[in-house]
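Since the structure comes first, as structure tokens, the remarks are kept for the end.
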Amino acid sequence: MSAPNKSYDPVEVEALKPEEIERMRDEALAAFAAAGDLDELAHAKVAHTGGTSPLALANREIGALPPQAKAEAGKRVGQARGQVSKALATRQAELEAERDARVLVEEAVDVTLPYDRTPSGARHPLTTLMERVSDVFVSMGYEVAEGPEVEAEWFNFDALNFVPDHPARQTQDTFFVQGTTADGKVTTGDESGIVLRTHTSPVQARTLIDREPPVYVVCPGRVYRTDELDATHTPVFHQIELLAVDEGLTMADLKGTLDHMVQALFGPDMKTRLRPNFFPFTEPSAEMDMLCYVCRGESVGNPERPCRTCSSEGWIELGGCGMVNPKVLVACGVDPQKYSGFAFGFGIERMLMFRHNVEDMRDMVEGDVRFTRPFGMEI
Amino acid sequence: MRVPLSWLREYVDLPATETGRDVQAKLVSAGLEVETVEQLGAGLSGPLVVGQVRTIEELTEFKKPIRFCTVDVGQANGTGEPQEIICGARNFAEGDKVVVALPGAVLPGDFRIAERKTYGRVSRGMICSGDELGMGDDGSHGIIVLPPEHEVGTDATELLELFDEVLDIAVTPDRGYCLSMRGVAREAATAYGLPLRDPALLDVPAPNSYGYPVTIGDPMGCDRFVARTVTGLDPEARSPIWLRRRLQKAGMRPISLAVDVTNYVMLELGQPLHAYDRSRVEGTIGVRRAEAGEKFTTLDGVKRVLDAEDLVITDDRGAIGLAGVMGGANTEIADHDDAAGATTEVVIEAAHFDALSIARTARRHKLSSEASRRFERGVDPQAAAAAAQRTVDLLVLLAGGTAEAGVTEIVAPSGPHTITMPADHPDRVAGVSYGRETVVRRLQEVGCDVYGQDELVVTVPSWRPDLVAPNDLAEEVIRLEGYENLPSTLPKPPAGRGLTERQRSHRRVGRALAGAGYVEALNYPFIGEQVFDQLALDADDPARRVVTLVNPLSDEEPALRTTLLPGLLGALRRNDGRGSHDLALFETGLVFHPADGTDVAVRIPADRRPTDEEIAGLTAVLPRQPRHAAVVLAGSREQAGWWGKGRPSDWADAVEAARTVAREAGAELIVRQGQYGPWHPGRCAELAVVVDGAEKVVGHAGELHPRVVKAFGLPARTCAMEIDLDTVEQASAGAVQAPRISTFPVATQDVALVVPKDVPSAEVERTLREGAGELLESIRLFDVYTGDQIGEGSKSLAYALRFRATDRTLTVEEASAARDAAVALATERAGAVLRGA
């Protein structure tokens, strides 16, 4: 605001006459009303409310008036400016609404346009299925144990009660690793005592040697057998192994643990079935089947409703299990008088095949992105 | 073991209504893996009758000789007139009895027999071969010629036992006794709660001193040897149809009467037998270990060089049999059409050999026979005398032979095997209260003798060498009580600690790479060493030292990978070949580096815990097996589309993948210019981390060398990264420390620095960071320029520096001073010149 002025010029105050103020106000209002869009309004705003607009100049003149005239002129100019800025705001709102109604519609896009700019990645379903099964046991208190893939025969066979030359050892189709003896000879048979592990069971032995019972571990991993790759076989595959060693564990505990696993993976009404079998490292041993999660056994003897998943058997063979053979406990330094245990193992490929309707084992092996991508991050 | 249901019923009175599937279910529940039930005679229907060939007219005007026969089928054709039949086979003569399928019959494979015109005649039926009737191979490959005693017109389906069911059982290694009808019948009897007619319960004459002379040189290898002699065998005698049919159904081929009888008794009792032509055995039969290098020709005509551990049967001249595996060609039973004349006298061997010795010999000579399969799994030594007797009886009955009175039986002394077990042991194993009474009853059903109250003393039957420990007995009780009746209880493990830091890190790395657009591939670890040339590795690159397999699947790929690249590049090429061209793949997995020095594991026993030294010894010979992570990229990283242009994947993506891995593993990654075999020499980053204060190179990333791209047949400009994940994880800085967040305003200063082209931007950034001091909040390179404006040999790097203090608003002067200090240090250390200065 200007400082009080004692020497004022009567000619200059012409602008503060009431009719002049009204004219300035009306011109401003007319200009706002005439503004057709926000740009024009912005110009009108500068012209009629800016620092050099007539009303702003008039306002400045008030200071030059004699004190007795100041109040009246101030009131007049203030009222005019108030009306102008109100009209501006109203017109601004009108024009913005108009713009929103028109321009934003014009800016509409087709939101169904595809957007595959960066193709998505995925983890292999065998990896995620192993994790998923592991997690079922981790949530029960088990820990995940791991071991080497190139393994000493002692861990792979001997410690697990596969005695040398026992027929069971022959059925494993073992890859043997070449060794070099102390006198520099390269081995040509099984003399190196080193193999590609044929199952995840050696991790059992390693765990029992490393830890004091109670031991509750799950061992997922890659294993090897000398099968040629075809639709149902692969020389490199994945297993998951379970081992519990504690005081007083029973076969009923094994059964309960298996039931829990299939329920966690396939639904609350699932169950398992045990059939006697033979494995050197368990005694008693059993083959474990799970109820077919697709037909729930209803395809059996019901040719109207055949089930592809279980070939209408009602059960799906899953893996082998049993009570840890006391000989295994002895070989790992665990007292079989005090402790007992159970173990269970099965192939991940097989479970992936029936759980996700994979028809050909080769699809899991070849790394074709079209196979893997749909499985995403978790399974 | 193939078990014909009709044969099984001979020992157990199974209910007549029980089908093969019913028996299968019972046996499966008892622990026998009955894989299939084969329906013999499925799709076959009569009339199928015995006929006698009256006349044969040879028709010679056709390409092959054809016979027009008249066959008497009695009243079976309704007329009694001979049936006129065209036949292409020639192994029969006028007067022979044959099997005739009359019009209306249907043979397996929906082969319908009807009157039809052929070779200019009307054929009214067919003279059948074994194959056509679905009987399996009988070795003759011709039509069936029946023994003359069968009457014309009788039903041949019954005579040939064409309708039957056969259970095919995969016998587990512990149940050798189920490689016999006797053993399976025992299980069936127990499963049905019916009595067993044990075929081994025969009257056997006591051994005496005038049997065939036998000496055992190795009682450990052979603890029992029974020898019997039968003379006066009718050289013309053939195996009767029932015997041949049972062998066929069990999967064996009928050969000659003497051989068929020994095979039959083996199937029945599980005792492998051998019949020697007595006229070809010289002197005493012996059992000893072979001499190393000793030569011997087995029945299959293969000349074998024996090992000092092989057990052989001998006569005065030398080896006449590979004990328990296969007989020798030199004492083979002669057939009736043998030039030297048919065998009329045989010595029958029923012996018991050491399982391990037989297993080793069979494996050593790659000769798995019916006999060796049984000995390996354990044969009932007590059944040897009965088996010999059964063989003698059948030869007397079927070949008109005479049993000599001499009975040789040499038995090494051995006691029965007993197991002591608390009566409640099965209860404690199962988690079920069976009670002593049930336990004892079930063990007795298995064939055990059981004494004692709380502590049971169990004598196991001679046919169950697999029963050696209390848990073995527990399994018998539990399986007979039914695994399906086990309750379901959950144990209570102690509280677990979840995944380890390393396991979490592995998962994070996988997720982060997948999140960045990479697809995981799990490749085989098998490689051929030529890949190292394709990867352009130096001759002395440590990655060329490989772990090699003795028995690889392919001789092309005998080694294990030391790098993930060959597998991943293979997958990339395969995808590209299948039409997916924009590719980003990753893998995490083990690679294998041989142990230094000797890598042969010392054999250690398994009847105790190995010592720590022994375990260390095993560990020392194993290859080092670090986990690597790798990615490969080709084609577009970002696709072109309606949004604009795409972007080809390049070296920077590969380096960024390494940063992603390191970030997820919690490690600080050092990236610098590098050079390594597979990578483009100008576009290769060397990756390093600091572990325990020492810097370790952990991998490389960038664009592949054009030569490598060509050698692998990859898309141009394929990029790759490989990093040692285990070492990166060792460099983990641990838990993230939360930064202090200042809420004062930021002061931004941009600088453009001109540096010599070969100065790495990372170095410039490092000096800027250091020079700027602690007011610097962040620094970001936002432009790199090379060109006329700055002259050749130089590049311009433009950085945005953000300054902020934790306790005040910075003045312009403070921010400028910090910037100037940063530039000054970059000038001093990296030769940077402020652009435009």
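Protein chains in written order, with the UniProt record's numbering: chain A, 1 to 379; chain B, 1 to 837.
Virtual Cβ for every residue (Gly too), placed ideally from N, Cα, C.
Bear in mind that the values here come from a model prediction, so they are computed numbers and not experimental data.
Should residue i go down as buried or exposed, given a rule of 16 or more other Cβ atoms within 10 Å for buried?
{"i": "residue 308 of chain B", "result": "exposed"}
{"i": "residue 266 of chain B", "result": "buried"}
{"i": "residue 308 of chain A", "result": "exposed"}
{"i": "residue 463 of chain B", "result": "buried"}
{"i": "residue 679 of chain B", "result": "buried"}
{"i": "residue 372 of chain A", "result": "buried"}
{"i": "residue 330 of chain B", "result": "buried"}
{"i": "residue 589 of chain B", "result": "buried"}
{"i": "residue 1 of chain A", "result": "The predicted position of residue 1 of chain A is uncertain, since its pLDDT is 45 and thus under 50; a value taken from the coordinates is nonetheless stated next. Exposed: under 16 other Cβ atoms inside 10 Å."}
{"i": "residue 102 of chain A", "result": "exposed"}
{"i": "residue 11 of chain A", "result": "Since pLDDT at residue 11 of chain A reaches only 48, below the 50 mark, its modelled position is unreliable, and the value read off the structure follows with that caveat. With fewer than 16 other Cβ atoms within 10 Å, it is exposed."}
{"i": "residue 599 of chain B", "result": "buried"}
{"i": "residue 212 of chain B", "result": "buried"}
{"i": "residue 115 of chain A", "result": "exposed"}
{"i": "residue 361 of chain A", "result": "buried"}
{"i": "residue 509 of chain B", "result": "buried"}
{"i": "residue 915 of chain B", "result": "Residue 915 of chain B lies beyond the range of chain B shown here (1 to 837); nothing can be said about it."}
Quickly, what does DSSP pair residue i with across the bridge? List them, please.
{"i": "residue 274 of chain B", "result": "B/349"}
{"i": "residue 688 of chain B", "result": "B/670, B/697"}
{"i": "residue 52 of chain B", "result": "B/72, B/97"}
{"i": "residue 756 of chain B", "result": "B/794"}
{"i": "residue 591 of chain B", "result": "Beta-bridge pairing links residue 591 of chain B to no other residue."}
What are the start and end residues of the beta strand (DSSP E) that includes residue i?
{"i": "residue 699 of chain B", "result": "694 to 704"}
{"i": "residue 224 of chain A", "result": "215 to 224"}
{"i": "residue 17 of chain A", "result": "No beta strand (DSSP E) holds residue 17 of chain A; DSSP gives it neither H nor E."}
{"i": "residue 403 of chain B", "result": "402 to 411"}
{"i": "residue 303 of chain B", "result": "303 to 305"}
{"i": "residue 330 of chain A", "result": "First-last for residue 330 of chain A: 326 to 331, but that is the alpha helix (DSSP H), not the beta strand (DSSP E)."}
{"i": "residue 419 of chain B", "result": "418 to 422"}
{"i": "residue 488 of chain B", "result": "It is not in any beta strand (DSSP E) - residue 488 of chain B carries neither H nor E in the DSSP assignment."}
{"i": "residue 60 of chain A", "result": "Element bounds for residue 60 of chain A: not the beta strand (DSSP E) but the alpha helix (DSSP H), 54 to 61."}
{"i": "residue 143 of chain B", "result": "Neither: residue 143 of chain B is in no beta strand (DSSP E) and is coded neither H nor E."}
{"i": "residue 821 of chain B", "result": "Careful: residue 821 of chain B lies outside any beta strand (DSSP E), inside the alpha helix (DSSP H) at 812 to 830."}
Mapping the DSSP letters down to three states, classify residue i as helix, strand or coil.
{"i": "residue 277 of chain A", "result": "strand"}
{"i": "residue 59 of chain B", "result": "strand"}
{"i": "residue 528 of chain B", "result": "coil"}
{"i": "residue 432 of chain B", "result": "coil"}
{"i": "residue 680 of chain B", "result": "strand"}
{"i": "residue 321 of chain A", "result": "strand"}
{"i": "residue 744 of chain B", "result": "coil"}
{"i": "residue 736 of chain B", "result": "coil"}
{"i": "residue 648 of chain B", "result": "strand"}
{"i": "residue 270 of chain A", "result": "coil"}
{"i": "residue 6 of chain B", "result": "helix"}
{"i": "residue 333 of chain B", "result": "coil"}
{"i": "residue 2 of chain A", "result": "Residue confidence for residue 2 of chain A is low, a pLDDT of 49 falling below 50, so the modelled location carries little weight; the figure read from the coordinates is stated next. Residue 2 of chain A: coil per DSSP, three-state reduction."}
{"i": "residue 11 of chain A", "result": "Because the pLDDT of residue 11 of chain A is 48, which lies under 50, any placement of that residue in the model is unreliable, and the number read from its coordinates should be weighed accordingly. Coil at residue 11 of chain A, not helix or strand."}
Start and end of the alpha helix (DSSP H) containing residue i?
{"i": "residue 163 of chain A", "result": "Neither: residue 163 of chain A is in no alpha helix (DSSP H) and is coded neither H nor E."}
{"i": "residue 89 of chain A", "result": "67 to 106"}
{"i": "residue 289 of chain B", "result": "Counting along the chain, residue 289 of chain B falls outside any alpha helix (DSSP H), though it belongs to the beta strand (DSSP E) covering 285 to 289."}
{"i": "residue 43 of chain A", "result": "38 to 49"}
Less than 8 angstroms between the CB atoms is what I'm expecting for residue i and residue j, so what's the real figure, rounded?
{"i": "residue 326 of chain B", "j": "residue 298 of chain B", "result": "4 angstroms"}
{"i": "residue 480 of chain B", "j": "residue 30 of chain B", "result": "7 angstroms"}
{"i": "residue 432 of chain B", "j": "residue 443 of chain B", "result": "With 8 angstroms as the limit, residue 432 of chain B and residue 443 of chain B do not qualify as a contact, their Cβ atoms being about 16 angstroms apart."}
{"i": "residue 823 of chain B", "j": "residue 725 of chain B", "result": "Contact doesn't hold; Cβ gap of about 39 angstroms is too wide."}
Does the distance between the C-beta of residue i and the nearest non-hydrogen atom of the ligand ATP fall short of 7 angstroms?
{"i": "residue 154 of chain B", "result": "The model on display carries no ligand, and the ligand ATP is accordingly not part of it."}
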